[in-house]
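Just below is one structure, and these are the notes that go with it.
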Amino acid sequence: MTDTTETPVPAHTPAPDSPPPHGNWGRWGPEDERGALNLIEPAGVRSAAHEIRTGRSYSLALPIERGNAPAFDFRGSPQRLTLVSQTDDMYAGFEGGDDVGSNEDVLIIPSHNLTHMDALCHVQAKGRFYNGFPADSFRSHTGAGRCGIDKIGAFAARAVLLDLPRHFDTPHLEGGYKITAADLTACAERQGVEVRSGDVLLVRTAYLDEYRATVAAGREPSFAQPGLSLDAVDFVRSHDIAAVGADNSAIECIPFDDTFLSVHIALLVESGVPLLEHLWLTDLAAGMAEAGTYACLLCVTPLPVTGATGSPINPVAIV
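Here the working numbering is used: the first residue of the sequence shown is 16, the next is one more, and so on.
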């Protein structure tokens with residue numbers, strides 16, 4: 016029998032070491048669990064609505080099926096079970112009519128597979144989550160006691176897309192390419208878009224385009240991926256970015272820059288910046304280029320799973 020006795024979540028005690036020198040611990044109070052999303056203010060959201068030029072909506076989610084994005088073996092792939100009933104029997108007790116049937120699905124999906132959002136409890140460093148919360152607040156049957164995806168909630172914000180392949184005039188960035196702060200600055204300047212406090216930064220590398228084309232051709236794809244370097248973290252921090260999204264597996268480059276998950280630690284743990292991974296940005300990039308704008312209104316709605324480390328999402332960008 017599984018023991019389901021509740022164990023008290025440890026109180027928020029000060030970190031044994033001083034807070035990260037360039038992070039956001041304590042910036043919004045000692046009990047804050049939303050991190051940089053606090054930078055999104057109602058006035059900014061209203062302003063983002065004025066960025067809309069065409070009224071067209073773009074889903075940034077990949078279809079939920081196998082083979083659309085790389086996945087670590089330990090996470091597995093999405094599983095879908097379809098419950099089919101084309102008879103009247105199951106409705107007999109509900110006064111159902113003749114020739115009535117229904118079909119339903121059961122979906123099993125890892126929270127960090129395909130298009131998803133990382134909660135601030137996804138990664139720990141030196142036994143601490145964002146804001147110094149202890150990593151031992153996890154419980155196997157209730158999840159994270161602090162910084163779960165449910166603490167984030169749905170949000171809308173101004174988003175800026177930086178289309179690096181278009182900037183560099185290449186179909187896609189090469190696997191392992193380390194995106195720098197200078198790259199992001201130059202791309203924004205060339206696109207004529209201003210990056211503001213409280214924005215969501217969307218970085219297009221076209222990695223998923225190359226990955227899916229390789230799989231469709233029956234070839235073995237490379238797991239080496241372009242992404243943010245530690246140097247690019249300075250761009251995120253200096254512009255007070257609320258969240259970062261990209262069309263790759265980890266936002267950061269793979270192989271990792273410096274040390275394992277170094278950008279995750281700098282953004283999630285130290286700065287409280289949530290991450291949106293495996294975004295499909297190609298259609299949005301084409302629509303923005305046609306509309307002559309690289310700013311839009313972005314709506315993100317993670318599933319409110321209590322204590323979860325992340326959630327599948329279907330972000331919608333309105334251009």
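Think of the CB as a built atom: it goes at the ideal place given N, C-alpha and C, for glycine as much as any other residue.
Expressed to the nearest angstrom, what Euclidean distance is found between the alpha-carbon atoms of residue i and residue j?
i      : j      : result
Cys202 : Lys141 : 35 angstroms
Val251 : Asn118 : 45 angstroms
Arg173 : Asp214 : 5 angstroms
Leu188 : Val208 : 21 angstroms
Thr195 : Ala247 : 5 angstroms
Ala231 : Gly50  : 39 angstroms
Ile266 : Gly242 : 6 angstroms
Val315 : Ser326 : 11 angstroms
Pro57  : Glu48  : 19 angstroms
Val259 : Gly287 : 11 angstroms
Val175 : Ser152 : 35 angstroms
Ala159 : Leu318 : 15 angstroms
Thr321 : Pro180 : 38 angstroms
Ala30  : Asn263 : In this predicted model, Ala30 has a pLDDT of only 45, less than 50, meaning its place in the structure is not dependable; the value taken from the coordinates is given anyway. In a straight line, the C-alpha of Ala30 is about 32 angstroms away from that of Asn263.
By the three-class DSSP mapping on this structure, what secondary structure does residue i have?
i      : result
Cys202 : helix
Arg219 : strand
Val210 : coil
Ile256 : coil
Thr166 : For the sequence presented, residue 166 should be read as Lys rather than Thr. Reduced to three states, the DSSP call for Lys166 is helix.
His279 : helix
Leu77  : coil
Ala228 : helix
Pro23  : With a pLDDT of 42 at Pro23, under the threshold of 50, the modelled position of that residue is not reliable, and no figure is offered here.
Pro149 : strand
Pro327 : strand
As a quick exercise: from the options, pick the residue whose alpha carbon is nearest that of residue i.
i      : options                        : result
Val121 : Arg68, Ile79, Ser237           : Ile79
Asn128 : Ile328, Glu235, Val334         : Ile328
Ala171 : Gly302, Asn39, Asn53           : Asn53
Ala261 : Arg234, Ser253, His254, Ser244 : Ser244
Tyr309 : Asp165, Ile123, Leu177         : Leu177
Phe238 : Ala281, Tyr192, Val210         : Tyr192
So, under 8 angstroms CB-CB, residue i and residue j are touching, yes? Tell me the CB distance rounded to an integer number of Å.
i      : j      : result
His137 : Glu292 : Not a contact, Cβ separation roughly 10 angstroms.
- Three or more beta-carbon pairs under 8 angstroms between the stretch 269-280 and the stretch 60-74, yes or no? no
- Task: Tell me, please, whether the stretch 218-230 touches the stretch 296-304 by the rule of three or more beta-carbon pairs shorter than 8 angstroms.
- Result: Judged by Cβ distances under 8 angstroms, the stretch 218-230 makes contact with the stretch 296-304, as three or more pairs qualify.
- So does the stretch 143-155 actually touch the stretch 38-49, counting three or more Cβ pairs closer than 8 angstroms? yes
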